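Residue numbers for the sequence shown follow UniProt numbering, beginning at 1 and rising by one.
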Amino acid sequence: LPRPSISFDFVQNESEKVNIYCESPYQHKGKMWFQLLNSSKDIVYETEKENNYAEFTIYRPEHFQMKYYCVYRIRIRQDFADSVISDPLIISDLMNFTTANIIRLLLSVVILILIGIIILNHFNDFPKTKEFPAKLPSIQDKPDRYTEEPHVVYESKAEE
Numbered sequence: 001l002p003r004p005s006i007s008f009d010f011v012q013n014e015s016e017k018v019n020i021y022c023e024s025p026y027q028h029k030g031k032m033w034f035q036l037l038n039s040s041k042d043i044v045y046e047t048e049k050e051n052n053y054a055e056f057t058i059y060r061p062e063h064f065q066m067k068y069y070c071v072y073r074i075r076i077r078q079d080f081a082d083s084v085i086s087d088p089l090i091i092s093d094l095m096n097f098t099t100a101n102i103i104r105l106l107l108s109v110v111i112l113i114l115i116g117i118i119i120l121n122h123f124n125d126f127p128k129t130k131e132f133p134a135k136l137p138s139i140q141d142k143p144d145r146y147t148e149e150p151h152v153v154y155e156s157k158a159e160e
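The following block contains the structure:
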């Protein structure tokens with residue numbers, strides 16, 4: 001039988017669990033038996049399904065830095081037909097980003113504190129004056145230009 005595909009993902013909101021999926025490309029009408037194997041090809045889990053895929057859940061201490069494989073089998077009359085073993089699936093602890101995220105968070109806090117100190121120093125460097133700026137003339141002190149006598153700006157002489 002053709003080789004199954006194997007994949008995984010971390011269980012949402014539970015970093016201690018990993019789901020491993022084994023899927024057969026072969027569509028069989030009837031029961032299929034799926035097995036999850038470890039590095040030494042020992043059976044870790046086995047399940048019987050009516051469809052062409054199986055899901056296995058493994059827990060943290062046992063799953064990191066190990067290889068997993070899967071196989072499936074179908075019943076043909078009185079005998080079983082086994083698939084070719086899947087490609088290896090290696091689940092690495094590098095998939096856990098908690099430590100890296102904590103480091104990023106601490107680095108951003110340090111950067112924000114440094115920016116705050118720079119801004120504080122910038123405002124402290126401004127001269128501190130208690131004097132108010134010189135008083136500018138108000139509009140009431142100016143004569144109203146519409147009530148003044150008109151001034152002659154240019155006087156032309158008539159030709160004689």
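Virtual Cβ for every residue (Gly too), placed ideally from N, Cα, C. Note that the structure is predicted; figures quoted are calculated from it, not measured.
Are the beta-carbon atoms belonging to L106 and C70 less than 8 Å from one another? C70 is positioned such that its CB atom lies no closer than 8 Å to that of L106.
Measure the beta-carbon distance from S86 to I6 and round it to whole angstroms, keeping in mind my assumption that it falls under 8 Å. Between I6 and S86 the Cβ distance is about 4 Å, and since that is below 8 Å, they are a contact.
inquiry  = Could you compute how far the alpha carbon of V18 sits from the alpha carbon of D9?
reply    = About 6 Å.
Exercise. When you compare each of N13, Y53 and E48 to R75 by their alpha carbons, which one comes out closest?
Worked result: Taking only the C-alpha atoms, the option nearest R75 is E48.
Requested in this report: Have a look at T99 and E50 and give me their C-alpha separation to the nearest angstrom.
Outcome: One C-alpha to the other measures close to 41 Å.
Per DSSP, what kind of secondary structure is E36 in: helix, strand or coil?
Reading the sequence as shown, one finds Leu at residue 36 and not Glu. Strand, per DSSP.
(request) Using alpha carbons as the reference points, say which of E16, L1 and C22 lies closest to N52. (result) Nearest C-alpha to N52: C22.
Q) Does DSSP put N101 in a helix, in a strand, or in coil? A) Per DSSP, reduced to three states, the secondary structure at N101 is helical.
Original post:
From this set, P25, Q27, I90 and Y26, which residue's C-alpha is nearest N38's C-alpha?
Top reply: Of the listed residues, the one whose Cα sits closest to N38 is I90.
What is the rounded straight-line gap between the Cα of H28 and the Cα of Y72? Taking the straight line from one Cα to the other gives about 11 Å.
Q: Identify, in the order they occur along the chain, each residue of the same chain with its Cβ nearer than 7 Å to the Cβ of Y59, setting aside the five sequence neighbours on each side.
A: When the five nearest sequence neighbours on each side are left out, the beta carbons in the same chain lying within less than 7 Å of the beta carbon of Y59 are those of E16 and K17, in order along the chain.
**Coil, strand or helix - E89 by DSSP** = The question names Glu, but residue 89 in the sequence shown is Leu. Correct three-state label for L89: strand.
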